[in-house]
Amino acid sequence: MPSRALELRGEPPRALEALDLVVGGTAVAMAVVSAAGTVVGTVVGTVVGKALEPSFVPERLRPRQVIAGVLRPVVRVGGVQRRRLTFEAARQLDAVLPPVADLVMSRLPLTDLVRRHLDLDAIVADVDLDAVVMRLDLDEIAARLDVDAVLDRLDLTATVVNRVEFRTVVDAVLAEVDIAGIVSEVLDEIDLPEIIRESTGTMASETVQTVRMRGVGADEAVSRLAARLKLGRGRPAAGGATPE
Amino acid sequence: MSEHELSTIPKDARAFQGQAAGVVTRCAGAVIDVVLVALALVSAYVGLVGLRFLLDPRSFSWPDPALLSFMSLMAALTGLYLTVAWVLGGRTFGDMLMGLRVVTARGRRLGWVRAAARAVAYVAFPIGLLWSAVDRRSRSVQDLLLRTSVVYDWNPRSPLKESDDV
Numbered sequence: 001m002p003s004r005a006l007e008l009r010g011e012p013p014r015a016l017e018a019l020d021l022v023v024g025g026t027a028v029a030m031a032v033v034s035a036a037g038t039v040v041g042t043v044v045g046t047v048v049g050k051a052l053e054p055s056f057v058p059e060r061l062r063p064r065q066v067i068a069g070v071l072r073p074v075v076r077v078g079g080v081q082r083r084r085l086t087f088e089a090a091r092q093l094d095a096v097l098p099p100v101a102d103l104v105m106s107r108l109p110l111t112d113l114v115r116r117h118l119d120l121d122a123i124v125a126d127v128d129l130d131a132v133v134m135r136l137d138l139d140e141i142a143a144r145l146d147v148d149a150v151l152d153r154l155d156l157t158a159t160v161v162n163r164v165e166f167r168t169v170v171d172a173v174l175a176e177v178d179i180a181g182i183v184s185e186v187l188d189e190i191d192l193p194e195i196i197r198e199s200t201g202t203m204a205s206e207t208v209q210t211v212r213m214r215g216v217g218a219d220e221a222v223s224r225l226a227a228r229l230k231l232g233r234g235r236p237a238a239g240g241a242t243p244e
Numbered sequence: 245m246s247e248h249e250l251s252t253i254p255k256d257a258r259a260f261q262g263q264a265a266g267v268v269t270r271c272a273g274a275v276i277d278v279v280l281v282a283l284a285l286v287s288a289y290v291g292l293v294g295l296r297f298l299l300d301p302r303s304f305s306w307p308d309p310a311l312l313s314f315m316s317l318m319a320a321l322t323g324l325y326l327t328v329a330w331v332l333g334g335r336t337f338g339d340m341l342m343g344l345r346v347v348t349a350r351g352r353r354l355g356w357v358r359a360a361a362r363a364v365a366y367v368a369f370p371i372g373l374l375w376s377a378v379d380r381r382s383r384s385v386q387d388l389l390l391r392t393s394v395v396y397d398w399n400p401r402s403p404l405k406e407s408d409d410v
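These protein sequences, in sequence, are chains A and B. Counting from 1, one number per residue, gives the positions in the first sequence under the numbering used here. Counting from 245, one number per residue, gives the positions in the second sequence under the numbering used here.
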């Protein structure tokens, strides 16, 4: 029995036995039907047509018609049996085919076969990758990327040191920066003259500046006084006293 | 003046640079100038007397100083000094000490003619300087006549353009 091999491997023999039964039954039924057909054919073939269909006998009573009428129920039973058996066979096949296919597949080096017989390049060339990419939501994918982790894996310092041409970069930066302006602003802020004066300690210069500042203060005081006097005399503060 | 030029002027004084100077500062400058010229004159006189003494000590007698000639010499010297100083530097020594500069109405240095006229006017009528106390733009009588003005300018070098006087 071929099921023995399967039985030894622990396969359930029940399904196979059922299959055997179905196949056997089908064979027997087919034999019966075939035999019936053959008998009919032989009878029809061997008996002369004329004899079967004597013209003197009425149509309904001719031998051919009579034989056909006798065999018709048998043929009908045969047809029913055939349909039933086909259905049964299909049902059994559904139960049996998956494990069999599994077995076959496990025996076949499919990857190797595909590699050997399929032109994967040609298949891939036919695929519209652009359309596939268009259907991908790249933003969504990018949002899921852990950029920090990616950056952690990169040695940015080494990359910059190795790949950046510092001279060019620095030149470009310097070309953009108004160094003279910055220096001037800084010096404006730190009051360089004052620092120089303090560090050199030139008394004369300091005295001169004090005298000048006093002079400016006195000038302002005098002009304020003059303006007040003009107002006191009922003249407008601006322009009234100018003898132009 | 270029945008980034460094200023040697102290921060406190930058605000009033280029503004019309008041009467007190101007008078102080004028007094310094007069004292300077007088000192120079006295030194010259003493020097001359000393030289005469050295040359002929026996017959030396202290010369009688004629006040009139001294005053006229002093006036001439002052006028010359003021003219030269205003034309060449825009300022006298007194102006320099007080941080002043004499300029035309357009802010330029004085020409010879105008400087000389101004010097003569000051020597002849020094009291005219006091008008700057009451003038709206601190101009003296001489400034009004000759269209000049005196501004605060603490910058040691002159940033002013050359004279626009003929």
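Just so it is clear, CB atoms sit at the ideal spot from N, CA and C, and this is done for glycine as well. Quick caveat, the model's predicted, so the values are computed rather than measured.
Closer than 8 angstroms to a non-hydrogen atom of the ligand ATP - does that hold for the CB of Gly338 (chain B)?
Only the bare structure without any ligand can be found here, which leaves the ligand ATP out of the picture.
Starting from the Cα of Asp219 (chain A), find the closest Cα among B:Pro400, B:Leu389, B:Asn399 and B:Leu374 and give me that residue.
Measuring from the Cα of Asp219 (chain A), the nearest candidate turns out to be B:Leu374.
Pairs of beta-carbons, one from the segment 59–72 of chain A and one from the segment 107–126 of chain A, closer than 8 angstroms: are there three or more?
The segment 59–72 of chain A vs the segment 107–126 of chain A: no contact.
For Ala365 (chain B) versus Val385 (chain B), is the C-beta distance shorter than 9 angstroms?
In contact: Ala365 (chain B) and Val385 (chain B) (Cβ atoms closer than 9 angstroms).
Measure from the alpha carbon of Val357 (chain B) to the alpha carbon of each residue in B:Thr392, B:Leu344 and B:Ala259, then state which is nearest.
For the residues B:Thr392, B:Leu344 and B:Ala259, the minimum Cα distance to Val357 (chain B) belongs to B:Thr392.
Taking only three categories from DSSP, how would you classify Leu324 (chain B)?
Of the three classes helix, strand and coil, the one that applies to Leu324 (chain B) here is helix, per DSSP.
Going along the chain, which residues of its own chain have a beta-carbon closer than 7 angstroms to the beta-carbon of Asp126 (chain A), five neighbours each way excluded?
Excluding sequence neighbours, Asp126 (chain A) sits near nothing in its chain.
Apart from the five residues on each side of it in sequence, which residues of its chain come closer than 7 angstroms, Cβ to Cβ, to Ala5 (chain A)?
Bear in mind that a pLDDT of 48 at Ala5 (chain A), under 50, signals an unreliable position, so the model cannot answer this.
Are the CB atoms of Leu326 (chain B) and Ala284 (chain B) within a distance shorter than 9 angstroms?
No, Cβ-Cβ distance for Ala284 (chain B) and Leu326 (chain B) is not below 9 angstroms.
Rounded to whole angstroms, what is the Cα-Cα separation between Gly79 (chain A) and Asp102 (chain A)?
Those two C-alpha atoms are separated by around 34 angstroms.
To be precise: take each residue of the segment 210–225 of chain A, compare its Cβ to all Cβ atoms of chain B, and keep it if any distance is under 9 angstroms. Which residues remain?
Against chain B - using a Cβ distance shorter than 9 angstroms - the residues of the segment 210–225 of chain A are Val211, Arg212, Met213, Arg214, Gly215, Val216, Gly217, Ala218, Asp219, Glu220, Ala221, Val222, Ser223 and Leu225.
What did DSSP end up calling Ser303 (chain B) once you bin it into helix, strand or coil?
Correct three-state label for Ser303 (chain B): coil.
For Ala122 (chain A) and Asp128 (chain A), I'd like the C-alpha separation in whole angstroms.
Computed Cα separation, rounded: 12 angstroms.
Return no unless some Cβ of chain B is closer than 9 angstroms to the Cβ of Asp139 (chain A).
No, no contact with chain B.
Between which residues of its own chain and Leu71 (chain A) is the CB-CB distance below 8 angstroms, once the five residues before and five after are set aside?
Taken in chain order, the residues that qualify are Ala36 and Val40.
Give a yes or no on whether 9 angstroms exceeds the smallest Cβ distance from Ala241 (chain A) to chain B.
Legend: pLDDT at Ala241 (chain A) = 40, less than 50; position of this residue unreliable, no value from coordinates given.
Who are the neighbours of Gly266 (chain B) on chain A, taking C-beta pairs under 9 angstroms?
The answer, in chain order, is Gly215, Val216, Ala218, Asp219, Glu220, Ala221, Val222 and Ser223.
Between Asp171 (chain A) and chain B, is the shortest Cβ-Cβ distance under 9 angstroms, so that the two count as touching?
No, Asp171 (chain A) does not count as interfacial toward chain B.
Mind checking whether Val268 (chain B) and Val186 (chain A) have CB atoms under 9 angstroms apart?
The answer is no: Cβ separation not under 9 angstroms.
Could you tell me whether the Cβ atoms of Met318 (chain B) and Gly273 (chain B) are closer together than 9 angstroms?
For Met318 (chain B) and Gly273 (chain B), no; Cβs fall outside 9 angstroms.
How would you write the range of the alpha helix (DSSP H) that Leu389 (chain B) sits in, first residue to last?
Val385 to Leu390 is the span of the alpha helix (DSSP H), which, as asked, contains Leu389 (chain B).
List the whole-angstrom C-beta distance separating Leu85 (chain A) from Val22 (chain A), where the pair is believed to meet the contact cut-off of C-beta under 8 angstroms.
Rounded, the Cβ-Cβ distance is 7 angstroms, consistent with contact.
Less than 9 angstroms between the C-beta atoms of Val33 (chain A) and Arg82 (chain A), yes or no?
Closer than 9 angstroms, so yes.
Report the rounded CA-to-CA distance for Leu389 (chain B) versus Ala175 (chain A), giving the unit in angstroms.
Answer to the nearest angstrom: the Cα atoms are 53 angstroms apart.
Measure the alpha-carbon distance for Val347 (chain B) versus Asn399 (chain B) and round it to whole angstroms.
Taking the straight line from one Cα to the other gives about 14 angstroms.
Whole angstroms is fine: what's the gap from Leu344 (chain B)'s alpha carbon to Phe166 (chain A)'s?
Distance between the alpha carbons of Leu344 (chain B) and Phe166 (chain A) is about 52 angstroms.
I want to verify the contact list: residues of chain A whose CB lies under 9 angstroms from the CB of Leu341 (chain B), in sequence order.
Those within 9 angstroms of Leu341 (chain B) in chain A are Val208, Val211 and Arg212.
Would you kindly report the start and end of the unbroken alpha helix (DSSP H) that includes Arg358 (chain B)?
Taken as a continuous stretch (DSSP letters only), the alpha helix (DSSP H) holding Arg358 (chain B) covers Trp356 to Ala368.
Using CA coordinates, which residue listed in A:Leu16, A:Val75, A:Val132 and A:Ala15 is at the minimum distance from Thr38 (chain A)?
Ranking the options by Cα distance to Thr38 (chain A), first place goes to A:Val75.
Cα separation between Tyr396 (chain B) and Val279 (chain B)?
One C-alpha to the other measures close to 22 angstroms.
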